[in-house]
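One structure below.
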Amino acid sequence: MFITAQQIFAAMAAIVEAPGYPLLQSYKDDFYKRDLESLKCNWSAKARAIWVITPNGTHLNFIGHHLRQAEEVTASVHCGYANIDIFSLAPTGIKRITAAQAVEEAKKLDFHINNGAEVTDSLGNTIAYMRITPTGNSCRRRTTVHYEPGLAFTGSPSQLVALGNIAIQASIEEVQTLFVAVERITVGDALWTETGLVKVQCKPDDQTKSVIFSPAEFENEAKGFYNQRRNCWCTLPNATPFESHNARISSPIGSKVISLKDARFLVAQNELCPTQ
1 MFITAQQIFA
11 AMAAIVEAPG
21 YPLLQSYKDD
31 FYKRDLESLK
41 CNWSAKARAI
51 WVITPNGTHL
61 NFIGHHLRQA
71 EEVTASVHCG
81 YANIDIFSLA
91 PTGIKRITAA
101 QAVEEAKKLD
111 FHINNGAEVT
121 DSLGNTIAYM
131 RITPTGNSCR
141 RRTTVHYEPG
151 LAFTGSPSQL
161 VALGNIAIQA
171 SIEEVQTLFV
181 AVERITVGDA
191 LWTETGLVKV
201 QCKPDDQTKS
211 VIFSPAEFEN
221 EAKGFYNQRR
231 NCWCTLPNAT
241 PFESHNARIS
251 SPIGSKVISL
261 KDARFLVAQN
271 ELCPTQ
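Heads up, the sequence shown is in my numbering, so the first residue is 1 and it goes up one at a time.
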C-alpha cells in the first residue's frame, strides 16, 4: 500500500532508476521536482493518477475529480513519442497500462458535479455546493470559488484534494480559457489551502454586508480601504471601524462590491501569503 506521497514516489523512482531503463534521459526535473510536488499536494488514501514517462520528461495527471482531467490524460498519452510507458497509480499499487486504458480510467469519476453546482461522491451523497465568481478582466482571467459544505462533507484529505482540483477545472470551463488563475477557494468559513482548511472568524451577518474595491470611491463618502501591500486597514478622518462593515478596499482591478465575509477571507489569505 502506498499511503503517503513519499511512499508512492519511492516506488515510481524505482522504475525510472532501474539499471538500463531507457526512458527519462533528460528533463528529469519533471519527475524529481514537479511530480514530487504534485504528489505532496494531491496524494491521499483514495488518490488515482495516470503517470506517463517519455524519453524527455514525465506527465502526472490526477484523475477522478472532473471530466476535463480525461482530456489532459489524452494529451499526455498522445504526446508524439513512439516509445513511452504509461502507469496507473493508486494506493493499492502501480500498474502498467495502455493509452486506451489510461483514457478510460480517467473517465471514471469518483466525484460528480450536478447542475454546475452540487458536488457529490460516487454514491450521490452531497459533499458541497459550489459557486464560482469570475474576477479580473479580459487580459487577466481569475476566479474565486466558494463551497458550502453538504451533509457528506467530512474535510478528509481526499475530499479537500477533490474540491481543489474541481475548482481549477470548473473555473476553466466557466471562463472558457486554460489561462485562468483561481485566486481563492473557500469552504464554509474556512480558506482552502494545500495543507488543509484555515478557519476564518466570520459573523452570521457578514454575507449581507458589503465593501467596495477602489480608492476612487473615497469621494463618495468612503470610510476606509484595505491596503494589500501593507496588509492592513486604512481609514479616513471620522471613519467608522472595519467591524461596522462600511469600508472600501483598493485593488488594481477596479471597483467591485464584495461581501464583508469575502473581505475577511481576503485579509486572512494575505496574512498567509503576503506576497500574493
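Here a beta-carbon is modelled for each residue, glycine too, at the ideal position from N, C-alpha and C. Model, not experiment: these values are computed from the prediction.
| Check | Outcome |
| --- | --- |
| Counting beta carbon pairs with one atom in the segment 22-42 and one in the segment 1-9, are three or more of them shorter than 8 Å? | yes |
| How is residue 203 classed by DSSP in three states: helix, strand or coil? | coil |
| Can you find at least 3 beta carbon pairs, one from the segment 124-137 and one from the segment 82-98, that sit closer than 8 Å? | no |
| Using the rule of at least 16 other Cβ atoms within 10 Å of the residue's Cβ for burial, across every protein chain shown, is residue 171 buried or exposed? | buried |
| By the DSSP assignment, the alpha helix (DSSP H) with residue 166 in it spans what residues? | 157-175 |
| Below 8 Å between beta carbons: does that hold for residue 23 and residue 74? | no |
| Once DSSP output is grouped into helix, strand and coil, what is the label at residue 219? | Note on residue 219: pLDDT 42, under 50, position unreliable in the model; the coordinate value appears next. Residue 219: helix per DSSP, three-state reduction. |
| Would you list the one or two residues that DSSP bridges to residue 142? | 135, 181 |
| Is residue 271 buried or exposed, if buried means 16 or more other CB atoms sit within 10 Å of its CB? | exposed |
| Please report the straight-line C-alpha distance between residue 253 and residue 184, rounded to a whole angstrom. | Note that residue 253 scores a pLDDT of 46, beneath 50, so its modelled location is shaky and nothing firm can be said. |
| If contact is defined by three or more beta carbon pairs under 8 Å, each pair taking one atom from either stretch, is the segment 187-204 in contact with the segment 55-73? | no |
| Residue 168 and residue 113 look like a contact to me (Cβ under 8 Å); what is the Cβ gap, rounded to whole Å? | That belief does not hold up - the Cβ atoms of residue 168 and residue 113 are roughly 13 Å apart, past 8 Å. |
| Round the Cβ separation of residue 158 and residue 88 to the nearest angstrom and send it over; I've been treating them as touching at under 8 Å. | Actually they are not in contact, since the Cβ atoms of residue 158 and residue 88 sit about 17 Å apart, beyond 8 Å. |
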